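Working notes for the structure below.
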Ligand SMILES: [Zn+2]
């Protein structure tokens, strides 16, 4: 068996995976990304151990661990060079993880992991493709001829930071007008808030109040109160 961990800006998700790629058991805990990196890693290892014991297996049956993390990753050393979402910089993630769970551990960019996951799950049927992940940002992983293309310093592709609009919306990368600054959930929330400001009568105000915040779903949801729902139906 293997353990796969997705370290996200909001949640840490983990799965116990069989030799043939089946997810045997999975779970998640909040990342709480403002706290010290070591605490996050400790929770990752704790979650991995919990999954193994809940499944009724023994840690000796687990061969290795793979971690997907947003940002620039040095695949050879397992170091997070820079991650804006997790707030890690030059952090030896694989090394620290092994302090809590002593198993061979590899770390790669989360979109790269998603691309390899698709490649393997697909039985290698499509061996050259670009995978796009839409979330807090816009991530991308490129598989060429059945191999992951990492490029110079592991910073290959990064399609989310291709400039779409010269002098456009500011991006978390420091540039402006990136694809990510238009197509991510972050951009959707920004545009929703702007539309709400321009339209004080919009039902989105009601929906946001019911949900307690403006989210990526606000613009697409129906209000749950009867009066508002009746208005929506008309
Ligand atoms: Zn950018």
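In this note's numbering, the protein residues as written are 255 to 488. Beta carbons are placed, not taken as given, at the ideal position from N, Cα and C, and that holds for glycine. Quick caveat: nothing in here was measured; it's all calculated off a predicted structure.
For residue 435, the shortest separation between its Cβ and any heavy atom of ligand 1 lies below 8 Å. In the three-state reduction of the DSSP assignment, residue 471 falls in the coil class. Three or more Cβ pairs closer than 8 Å define a contact, and the region 380-398 falls short of that threshold against the region 289-298.
Inside the region 369-422, DSSP marks whole beta strand (DSSP E) runs of 3 or more residues at positions 383-388, 392-398, from first to last along the chain.
The C-alpha of residue 259 is placed about 8 Å away from the C-alpha of residue 298. Under the DSSP assignment, residue 256 falls outside any alpha helix (DSSP H), being part of the beta strand (DSSP E) whose first and last residues are 256-261. Residue 309 sits in coil when the DSSP states are folded into three classes, being neither helix nor strand.
Rounded to whole angstroms, the separation of the alpha carbons of residue 263 and residue 475 is 24 Å. The beta carbon of residue 337 sits closer than 7 Å to the beta carbons of 323, 324, 325 from its chain, once the five residues preceding and following it are set aside; these are given in chain order.
The three-state reading of DSSP puts residue 446 in helix, counting H, G and I together.
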